[in-house]
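Structure first, commentary second.
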Amino acid sequence: MKKIILAFLLGVLLIACGKDGKELVYKVGTNAEFPPYEYIEDGKIKGFDADIMDEIAKRGEFKYEWVNMNFDGLISALQSKKVDMVIAGMTLNEERQKYVNFSVPYIKPAVSLIALKSNSTTSIEEFNNKKFGVELGTTEADIIKGKFPDAIIVPFSSNTASVLALKSQKIDAILFDSKVAESYVKNNPDIKIVGEAAGEEKAMAFNLKDTEVHNKVNTILQEMLNDGTIDKLKEKYGI
2 MKKIILAFLL GVLLIACGKD GKELVYKVGT NAEFPPYEYI EDGKIKGFDA
52 DIMDEIAKRG EFKYEWVNMN FDGLISALQS KKVDMVIAGM TLNEERQKYV
102 NFSVPYIKPA VSLIALKSNS TTSIEEFNNK KFGVELGTTE ADIIKGKFPD
152 AIIVPFSSNT ASVLALKSQK IDAILFDSKV AESYVKNNPD IKIVGEAAGE
202 EKAMAFNLKD TEVHNKVNTI LQEMLNDGTI DKLKEKYGI
């Protein structure tokens with residue numbers, strides 16, 4: 002009996018520890034300027050993606066710590082192994098699959114165009130030839146160019162910077178995931194949502210060589226999709 006108990010305790014210890022015997026703590030990259038997916042509140046990263054990460058860590062029996070950075074630095078951080086995984090409302094596409102492994106997609110939100118309330122334009126189709134603010138490293142530029150071939154793309158280091166540029170009339174519009182747009186409009190009464198368009202699938206990302214981490218987390222995420230956990234979190238955040 003003692004041998005059985007010892008073997009069980011050893012198994013638990015191995016699950017909770019890395020190969021060197023130290024406690025397993027993954028580094029998770031994100032860009033916490035994307036409410037309600039990820040944002041900072043009381044000094045902590047919270048939101049839809051944060052809740053997903055908490056549940057994955059609970060089921061996977063591991064700990065993790067956030068690494069918050071500009072969105073355009075997330076893929077290079079994965080490649081250089083500064084982070085072990087990324088969850089940041091990242092769009093899954095063929096170009097990015099050359100550099101990272103993706104999980105199963107867990108959400109496909111619509112996108113909304115926002116502009117100043119003082120802008121008399123009322124139709125999304127009228128924004129061709131306009132200046133669009135785009136966060137570096139995101140795929141919004143591709144969506145904009147697909148819908149507005151003559152649009153002028155103005156890159157910014159963050160969503161906050163693009164909103165400030167909109168408010169100071171340096172650009173004409175921004176394209177955000179719809180719930181992100183609603184959050185910014187709620188907190189900035191001088192901007193409005195003009196219209197909505199189809200969005201893209203979002204997924205977690207992993208280093209191409211870290212197949213063990215990718216498979217482990219991907220399996221748990223698929224379980225959460227199957228058992229309704231993701232749907233409950235979507236309902237919680239009104240996504």
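Just so we're aligned, residue 2 is where the sequence shown starts under this note's numbering, counting upward by one. Virtual Cβ for every residue (Gly too), placed ideally from N, Cα, C.
Excluding sequence positions up to five away, which residues of its chain have a Cβ less than 7 Å from the Cβ of E56? On the sequence shown, position 55 is the one that residue 56 refers to. Around E56: M225 and T230.
Per-residue burial, D178 [other beta carbons within 10 Å of its own, 16 or more giving buried]: As a working note, residue 178 is residue 177 in the sequence shown. The residue is buried, with at least 16 neighbouring Cβ atoms inside 10 Å.
Using DSSP's beta-bridge definition, name the partner residues of S113. By one-based count along the sequence shown, residue 113 stands at place 112. According to DSSP, which records beta bridges pairwise, S113 is partnered with F177 and E197.
In terms of residue numbering, what span does the beta strand (DSSP E) encompassing I154 cover? Taking the first residue of the sequence shown as position 1, residue 154 is located at position 153. Where I154 is concerned, the enclosing beta strand (DSSP E) stretches over I153 to F157.
As a quick exercise: from Q80, I154, S77 and A89, pick the residue whose alpha carbon is nearest that of N32. By one-based count along the sequence shown, residue 32 stands at place 31. Looking at the Cα atoms, A89 is the closest of the given residues.
Inter-residue spacing [alpha-carbon to alpha-carbon] between K109 and N120: The sequence position of residue 109 within the sequence shown is 108, counting from 1. The sequence position of residue 120 within the sequence shown is 119, counting from 1. Approximately 29 Å, taken between the alpha carbons.
Give the DSSP-derived three-state secondary structure of N120 in the structure shown. Locating residue 120 in the sequence shown gives position 119, counting from the first residue. Coil.
Within the same chain, show all residues whose beta-carbon is closer than 6 Å to that of L114, passing over the 5 residues directly before and after it, in chain order. Here residue 114 corresponds to residue number 113 of the sequence shown, with the count starting at 1. Cβ neighbours of L114 beyond the five flanking positions: I125, A174, L176, V195 and G196.
F128: CB within 7 Å of a non-hydrogen atom of the ligand GDP: Inclusion of the ligand GDP in the displayed structure is not the case, the ligand content being empty and no account of it being possible.
Based on the DSSP output, what are the partners of A206 in its beta bridges? Along the sequence shown, one-based indexing puts residue 206 at 205. Its beta-bridge partners are V87 and F103.
Just to confirm the assignment, what range does the alpha helix (DSSP H) spanning E56 have? Indexing the sequence shown from 1 puts residue 56 at position 55. E56 -> alpha helix (DSSP H) spans F49 to G61.
Considering only the beta carbon of each residue, do I46 and L234 sit closer than 8 Å? Here residue 46 refers to the residue found at position 45 when the sequence shown is read from its first residue. Here residue 234 refers to the residue found at position 233 when the sequence shown is read from its first residue. No, these two residues do not count as a Cβ contact at 8 Å.
Does the beta-carbon of I221 have 16 or more other beta-carbons within 10 angstroms, so that it is buried, or is it exposed? The count along the sequence shown starts at 1 and reaches residue 221 at position 220. Buried, since its Cβ has 16 or more Cβ neighbours within 10 Å.
Inter-residue spacing [alpha-carbon to alpha-carbon] between V164 and Y107: Position 163 of the sequence shown, counted from the start, is the residue given in the question as residue 164. Position 106 of the sequence shown, counted from the start, is the residue given in the question as residue 107. If you take the alpha carbons of V164 and Y107, they lie about 27 Å apart.
In the DSSP output, what is Y38 paired with across the bridge? Taking the first residue of the sequence shown as 1, we reach residue 38 at position 37. Paired residues: none, contrary to the question.
If you count every other CB in all the chains shown that lies within 10 Å of the CB of V26, and 16 or more means buried, which is it? The residue you call residue 26 lines up with position 25 of the sequence shown. Exposed, because fewer than 16 other Cβ atoms sit within 10 Å of the Cβ of V26.
Could you check if Y38 is buried or exposed, using at least 16 other CB atoms within 10 Å of its CB as the buried criterion? To locate residue 38, count along the sequence shown from 1; it is residue 37. By the neighbour-count rule (16 or more Cβ atoms within 10 Å), Y38 is buried.
What three-state label does DSSP hand N1 in the structure shown? There is simply no residue 1 to check, as the chain begins at 2 and stops at 240 in what is shown.
Can you tell me the Cβ-Cβ gap for I192 and K168, rounded? I've got them flagged as a contact below 8 Å. Taking the first residue of the sequence shown as 1, we reach residue 192 at position 191. Taking the first residue of the sequence shown as 1, we reach residue 168 at position 167. Going by Cβ atoms, the distance from I192 to K168 rounds to 7 Å, so yes, they are a contact pair.
In terms of residue numbering, what span does the alpha helix (DSSP H) encompassing N250 cover? This structure cannot speak to residue 250, because the chain is shown only from 2 to 240.
Collapsed DSSP secondary structure at I144 in the structure displayed: The residue given as residue 144 occupies position 143 in the sequence shown. The answer is helix: DSSP assigns I144 an H, G or I state.
Per DSSP, which residues does T92 bridge with? Please list them. The residue given as residue 92 occupies position 91 in the sequence shown. K203.
When burial is assigned at 16 or more other CB atoms within 10 Å of the CB, is G239 buried or exposed? Here residue 239 refers to the residue found at position 238 when the sequence shown is read from its first residue. So G239 counts as exposed.
First through last residue of the beta strand (DSSP E) which encompasses E24: By one-based count along the sequence shown, residue 24 stands at place 23. Run containing E24: none; DSSP gives neither H nor E here.
Could you pull out every residue in the same chain whose Cβ sits closer than 6 Å to the Cβ of F35, ignoring the five residues on either side in sequence? The residue labelled residue 35 in the question sits at position 34 within the sequence shown. Excluding positions up to five away in sequence, the list reads G90 and V181.
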